[in-house]
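Sequential numbering from 5 applies to the sequence shown in the numbering used here. Even glycine gets a Cβ: it sits at the ideal position worked out from N, Cα and C. Note that the structure is a prediction, hence the values are computed from the model and not measured. Notes to accompany the following structure.
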Amino acid sequence: MKNLLILPILLATLAAASAAEPKTLLAERGKSLFSDDLNKAPDGQAWKAAKGKWEIVDGALRGAEVPADMHGAVTRHALAFKDAVLQFDVKLDGAKTVSLSINDAKEHLARVLFNPTGFTVQKDDHDHDGPDKAVIFGRRAVKFEPGAWHTVVVEIVGDTMLATLDGANATFGSHEMIGTPKANFGFTVGGQSASFRNVRVWEATANKDWEKTKATIPPSPTAPPVAAKAAQKAAK
Numbered sequence: 005m006k007n008l009l010i011l012p013i014l015l016a017t018l019a020a021a022s023a024a025e026p027k028t029l030l031a032e033r034g035k036s037l038f039s040d041d042l043n044k045a046p047d048g049q050a051w052k053a054a055k056g057k058w059e060i061v062d063g064a065l066r067g068a069e070v071p072a073d074m075h076g077a078v079t080r081h082a083l084a085f086k087d088a089v090l091q092f093d094v095k096l097d098g099a100k101t102v103s104l105s106i107n108d109a110k111e112h113l114a115r116v117l118f119n120p121t122g123f124t125v126q127k128d129d130h131d132h133d134g135p136d137k138a139v140i141f142g143r144r145a146v147k148f149e150p151g152a153w154h155t156v157v158v159e160i161v162g163d164t165m166l167a168t169l170d171g172a173n174a175t176f177g178s179h180e181m182i183g184t185p186k187a188n189f190g191f192t193v194g195g196q197s198a199s200f201r202n203v204r205v206w207e208a209t210a211n212k213d214w215e216k217t218k219a220t221i222p223p224s225p226t227a228p229p230v231a232a233k234a235a236q237k238a239a240k
């Protein structure tokens, strides 16, 4: 009888865990590397706020640009990783642009950019004044209603990076720089404010079904096949 009473609780717990972890496409989740609900004041030693105003509002971390900074709000967390699945919730509250920024020890590597009309996945310009340039992997048109929460999953395996919003609207791309070691990740906010919560990072391994899965992902309407091939050729 006791086991029969425990079973519904166990099933409910498993269901809740499953709901909290949207399906991955490129990667398989492994060991947990980091977890922060962002529902209390961030540890100043762990999260480094370089610009802007960051505060806990309604159980989430809200960032807002400060005009005097003449720069978007920025906060980062040190975490050494290579292949990983990063997951978080984001809510735009008047922000013009928001991003998840992934960096090595010195420079930006890649990011997922959000604005009220969609999101973009890209490799960043790594040397600014040198020969390296930013490469846009793909864009998706999605309407971000003010005050609505969205769940983002970013998967990195080898030289490939994929982002999914709310379990759909996936877009991805590859560049050799994506496969290099990462040193930190963080969030940026340009404009009024945006909020973040439920940050999770796991080690990642390649999904055995990726080759079949990627064939089902439609090409980005703003990244024509010719441009994508040119970017891939330049990356070799």
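Look up Glu69 in the DSSP assignment and say whether it is helix, strand or coil.
Position 65 of the sequence shown, counted from the start, is the residue given in the question as residue 69. Coil.
Nearest residue (CA-CA) to Lys137, options Thr168, His179, Phe148:
Locating residue 137 in the sequence shown gives position 133, counting from the first residue. When each option's Cα is compared against that of Lys137, the closest is His179.
Beta bridge counterpart(s) of Val157 as assigned by DSSP:
Locating residue 157 in the sequence shown gives position 153, counting from the first residue. Partner(s): Gln91, Thr168.
Taking buried to mean at least 16 other C-beta atoms within 10 Å of its own C-beta, is Glu215 buried or exposed?
The count along the sequence shown starts at 1 and reaches residue 215 at position 211. Glu215 comes out exposed.
Enumerate in chain order the residues of its own chain whose CB-to-CB distance from Ile106 is below 7 angstroms, with the five nearest sequence positions on each side excluded.
Working through the sequence shown from its first residue, we reach residue 106 at position 102. Same-chain partners within the cutoff: Leu113, Ala114, Arg115, Lys186, Phe189.
6 angstroms Cβ shell around Lys57 - same chain, five flanking residues per side excluded
In the sequence shown, residue 57 corresponds to position 53, counting from 1. Only Ala68, Val70 meet the Cβ criterion.
Out of Arg201, Gly48, Arg204, Gly194, which has the shortest C-alpha to C-alpha gap to Ala72?
As a position in the sequence shown, residue 72 is number 68, starting the count at 1. Checking every option, the nearest Cα to that of Ala72 belongs to Gly194.
Between which two residues does the beta strand (DSSP E) containing Lys100 stretch?
Translated into positions along the sequence shown, residue 100 becomes position 96. Element bounds for Lys100: 99 to 107.
Give the straight-line distance between the Cα atoms of Ala64 and Phe38, rounded to the nearest whole angstrom.
Within the sequence shown, the letter at position 60 stands for residue 64. Within the sequence shown, the letter at position 34 stands for residue 38. If I take the Cα positions, the gap works out to 17 angstroms.
Going by CA-CA distance only, name the one from Gly151, Pro135, Leu96, Glu32 that's closest to Ala208.
In the sequence shown, the residue the question calls residue 208 occupies position 204. Residue Glu32 is the option with its Cα nearest to Ala208.
Excluding the 5 residues flanking Asp93 on each side, which residues of the same chain have their C-beta closer than 6 angstroms to its C-beta?
Translated into positions along the sequence shown, residue 93 becomes position 89. These residues qualify, in order along the chain: Trp153, Thr155, Arg201, Asn202.
Please classify Glu180: does DSSP put it in a helix, a strand, or coil?
By 1-based counting over the sequence shown, the position of residue 180 is 176. Three-state result, Glu180: helix.
Is the beta carbon of Ile160 sitting closer than 8 angstroms to the one on Ile182?
Within the sequence shown, the letter at position 156 stands for residue 160. Within the sequence shown, the letter at position 178 stands for residue 182. Their beta carbons are under 8 angstroms apart, which means Ile160 touches Ile182 by this criterion.
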